[in-house]
Amino acid sequence: MSIDQLQDIAQAMVAPGKGIIAIDESTTTCKKRFDGVGVECTEENRRAYREMLLSTPSLGEHVSGAILYDETLRQAQKDGTSFVKLMEKQGILPGIKVDKGTSPLAGFPGELVTEGLDGLRDRLKEYARIGAKFAKWRAVITIGEDSPSGTCIEANCHALARYAALCQEQGIVPMVEPEVLMDGDHDIDVCYDVTEATLRSLFGALYEQNVMLEGTILKASMVISGKTCSEQASVEEVAEYTLRCLKSAVPASLPGIVFLSGGQSDEAATAHLNAMNQMGNNPWPLSFSYGRAMQQAALKLWAQDMQANYAAAQRTVAQRAKDNGLAALGKWSRAA
C-alpha cells in the first residue's frame, strides 16, 4: 500500500466531527467490566454486547473507526454478518489492538514495558486479510517519586516505533498510544514535563525507524492533574497545557491526534476536547478515541435487561458519539 493510501485512511480516521470508539478490551478486562454490572463474561455475551455497540443506528455519523480485540474482529452478528461487514456498511473503519499488554521492565521496579513484537508481522498480515485498516499499540508511562526513568520512556517508544513500521509494511495505519497515567498525586506541571519528554522520545524513535508520519495517528493522553492531587486543574488549564505540550513535541505533518479518556468522567473527557478545539489554530485535527467514556453508561443500561434496554443502550451510545463529535468541532455544550 502506498503512503497516499495510508494517508487517506489516517485522514478518514480524523474526519471533521468524527472520532474512534475503543472496544478493544481483552477478555480479562471485559470480565472486570461485566463483573461490575453483573453480567457473565461468556463469549456469547461479549459478542452480543459488541453487536449492540456496532449496530447502533447512525453510529457512523460521528464515529469513523472502532478499535477491536482479536476475538471481536473475527465475530459476527447473530444473523451471520461479520462485524467487519457491519462496520463497512456504517462507514466505520475496522481497527485492531495488537500489543500483548504490559510486563515489568527488568531492572526498573514499578515501571512497565509493552510486549507483542514477536510474531507481529504475521499477525498483521492476517488482520489485514480479515479487513483491519488501522491498529493500536499502547505504552504505559507511570509517574512516581523516581519515575518514569529515561530507560522506560526509551524502551516503550522504541517498541511503538517498531510496531508502527511493521504496520505500514502491511498497509495498516498505526495508532501510537504513549499513555501517561493519571494515577498519582502529581500536579499538572509534572504531567506536562513527563508527557513532553515522552512525545519527544516517541517522534525521535518513529523518525529513526523510517515511519511515515503522514500515515500515522497519535493517541495521546491529556496533560492533567494526578487523580489524587490536592489541586485539580480546570478545564481551561487542561486544554491550554495539553495544546502547548503537543505543539512543542508533535510534528505538524501528522494527520491527526485522538485523545484517550484515561479514567476521566464522560463529561470531563468531552469538555476537555471541546475546549481544545474552541481554542483553535491547531496544526492537526483533534478528536477522540474513547473507551469507557463512550461505553460505560450504555453498558449499565444493557446489563439491566439485554432485550428490553437494547434500544435505550444504543441511544446512549449514539448520544455519546454525537457529544464527542461536536467536541471535535468545538461545538459541544452541556445542553447539546
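So for the sequence shown, this note's numbering puts the first residue at -15; every next one is plus one. Every residue gets a Cβ at the ideal spot worked out from N, C-alpha and C, and that includes glycine.
- Considering only 164, 266 and 97, the residue with the shortest C-alpha distance to residue 245 is 164.
- Between the alpha carbons of residue 68 and residue 171 lies a distance of about 42 Å.
- Distances from the CA of residue 285 to each of 57, 267, 33 and 62 were compared; the closest alpha carbon is that of 33.
- Of the candidates 252, 230 and 145, the residue whose Cα lies closest to the Cα of residue 266 is 230.
- Nearest in C-alpha terms to residue 92, of all of 133, 53 and 58, is 133.
- Straight-line spacing of the CA atoms in residue 145 and residue 291 works out to 44 Å.
- The shortest C-alpha to C-alpha distance from residue 16 to any of 307, 276, 306 and 305 is the one to 276.
- Taking a C-beta distance under 8 Å as the contact criterion, residue 157 and residue -7 qualify as a contact pair.
- Rounded to the nearest whole angstrom, the CA to CA distance from residue 40 to residue 78 is 15 Å.
- Counting C-beta pairs closer than 8 Å gives three or more between the segment 215 to 229 and the segment 252 to 262, which meets the contact rule.
- In this structure, residue 136 keeps its C-beta atom at 8 Å or more from the C-beta atom of residue 127.
- Counting along the chain, the unbroken beta strand (DSSP E) around residue 118 starts and ends at 118 to 125.
- When C-alpha distances from residue 272 are compared across 1, -14, -12 and 14, the shortest belongs to 1.
- Taking residue 177 as reference, the option from 18, 225 and 152 with the minimal CA-CA separation is 225.
- Secondary structure at residue 135: helix, using DSSP grouped into helix, strand and coil.
- Only exposed fits residue 62, as fewer than 16 other CB atoms lie within 10 angstroms of its CB.
- The beta carbon of residue 14 is closer than 7 Å to those of 25 and 30 in its chain, skipping five residues each way along the sequence.
- The beta carbon of residue 142 sits closer than 6 Å to those of 189, all from its chain and outside the five residues before and after it, given in chain order.
- If you draw a 10 Å sphere on the C-beta of residue 50, you find 16 or more other C-beta atoms in it, and that means buried.
- DSSP places residue 185 in the uninterrupted alpha helix (DSSP H) bounded by 172 to 192.
- Every alpha helix (DSSP H) of 4 residues or more that sits fully in the segment 27 to 58 is shown, in chain order, as 27 to 38 and 54 to 57.
- Assigned with DSSP and collapsed to three states, residue 86 falls in strand.
- Counting only unbroken stretches of 3 or more residues, the beta strand (DSSP E) elements lying wholly within the segment 240 to 287 are 241 to 243 and 270 to 274, in sequence order.
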